[in-house]
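Residue numbers (our numbering): 747 to 1035.
C-beta: ideal position from N, C-alpha, C; glycine also.
On a predicted model such as this, the values are computed, not experimentally measured, just so you know.
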């Protein structure tokens, strides 16, 4: 009986050590996965290059970033903002080999396609939401709605019902080109009353587009304009809570539209955000299922 008890203890200890080893291995795989994703396109590095500050990017991503920045001869690193000159990056062949190894492991976090709906309690009184809370358009007259604390009373905004504090998520929005509209994400704590500035300092990461193929974003209260090669009919909003990354893609051809510098969300709930800064006649934004 004594020998049996000792054997049981040994088995329990063995399983405890085995469990710790498995957890440690999973953590190492996750760390490896995090290290091989480009912070601009949020995908595995393709032809990675390294800047003098030590940060890595896909060659195509950093090249497009240089074209859109329009602030030569020096550019801020998309991650740390340290200045570098055009062409001041080198191929990172070692990282390219690591990427190929990492691709053999399943992604422990994965990208979560989120079924986003609009929150009627936050919608501006002139917004008309569909019955399934999937689309929004500008109404001719204000609706008689309660001025609850969650509702935007001045800014023509609405938030998504869903909020995210961890993981990677994306959703897609069908757009009708006309007027001026913004989409992106906002902190749960974003102000709902009076006028607000649509920029990260106010807790909003969004791009604004209009009737022409010209968009801009606000970073550090400055406009960052960029042009589009075509008018996308569907835009993908990509959120990485751990990295503090907000990125926009043309969902039709997977082209990168814009990526904000990494932010710190500090565990706060982040929600989808929409704003008609200048509503066009009949313009509608629709969340894709």
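Inset, instruction - Could you pull out every residue in the same chain whose Cβ sits closer than 7 Å to the Cβ of residue 933, ignoring the five residues on either side in sequence? - result: The count along the chain shown starts at 1 and reaches residue 933 at position 187. 949, 1014, 1016, listed in sequence order.
Inset, instruction - Output yes or no for whether 8 Å exceeds the beta carbon distance between residue 842 and residue 794. - result: Residue mapping note: residue 842 aligns to position 96 of the chain shown, counting from 1. Residue mapping note: residue 794 aligns to position 48 of the chain shown, counting from 1. Contact: yes.
Inset, instruction - State the Cα-Cα distance for the pair residue 1033 and residue 989, rounded to the nearest angstrom. - result: Translated into the one-based positions of the chain shown, residue 1033 becomes position 287. Translated into the one-based positions of the chain shown, residue 989 becomes position 243. Between residue 1033 and residue 989, the alpha-carbon positions lie close to 24 Å from each other.
Legend entry - Opposing strand residues paired with residue 929 [DSSP bridges]: The sequence position of residue 929 within the chain shown is 183, counting from 1. Beta-bridge pairing links residue 929 to 953, 1020.
Inset, instruction - Would you kindly work out how many angstroms separate the C-alpha atoms of residue 775 and residue 1023, rounded to a whole number? - result: Walking along the chain shown from the start, residue 775 turns up at place 29. Walking along the chain shown from the start, residue 1023 turns up at place 277. Caution is warranted here: a pLDDT of 47 is assigned to residue 775, below 50, making its placement in the model unreliable, and the coordinate value is therefore given only provisionally. Cα-Cα distance, rounded: 44 Å.
Legend entry - Separation of residue 825 from residue 951, as counted between CA atoms: Indexing the chain shown from 1 puts residue 951 at position 205. Indexing the chain shown from 1 puts residue 825 at position 79. So the two alpha carbons sit approximately 16 Å from each other.
Inset, instruction - Compare the Cα-Cα distances from residue 838 to each of 849, 800, 994 and report the closest residue. - result: Position 92 of the chain shown, counted from the start, is the residue given in the question as residue 838. Measuring from the Cα of residue 838, the nearest candidate turns out to be 800.
Legend entry - Alpha-carbon spacing of residue 954 relative to residue 983, whole angstroms: By 1-based counting over the chain shown, the position of residue 954 is 208. By 1-based counting over the chain shown, the position of residue 983 is 237. Taking the straight line from one Cα to the other gives about 13 Å.
Legend entry - Residue interval of the alpha helix (DSSP H) (run including residue 840): Here the question's residue 840 lines up with position 94 in the chain shown. That run of the alpha helix (DSSP H) goes 839-848.
Legend entry - residue 1037 vs residue 787 beta-carbon contact at 8 Å: Because the chain spans 747 through 1035 in this model, residue 1037 falls outside it and cannot be assessed.
Legend entry - Cβ neighbours of residue 832 in the same chain (closer than 8 Å, five flanking residues each side left out): The residue labelled residue 832 in the question sits at position 86 within the chain shown. Only 812, 818, 819, 821 meet the Cβ criterion.
Legend entry - Nearest to residue 785 (by Cα), restricted to the options 991, 809, 927, 860: Here residue 785 refers to the residue found at position 39 of the chain shown. Per the Cα distances, 991.
Inset, instruction - Go to residue 807, then tell me how far its alpha helix (DSSP H) extends in each direction, as first and last residue. - result: Taking the chain shown and counting its residues from 1, one reaches residue 807 at position 61. From DSSP, the alpha helix (DSSP H) with residue 807 extends over 805-815.
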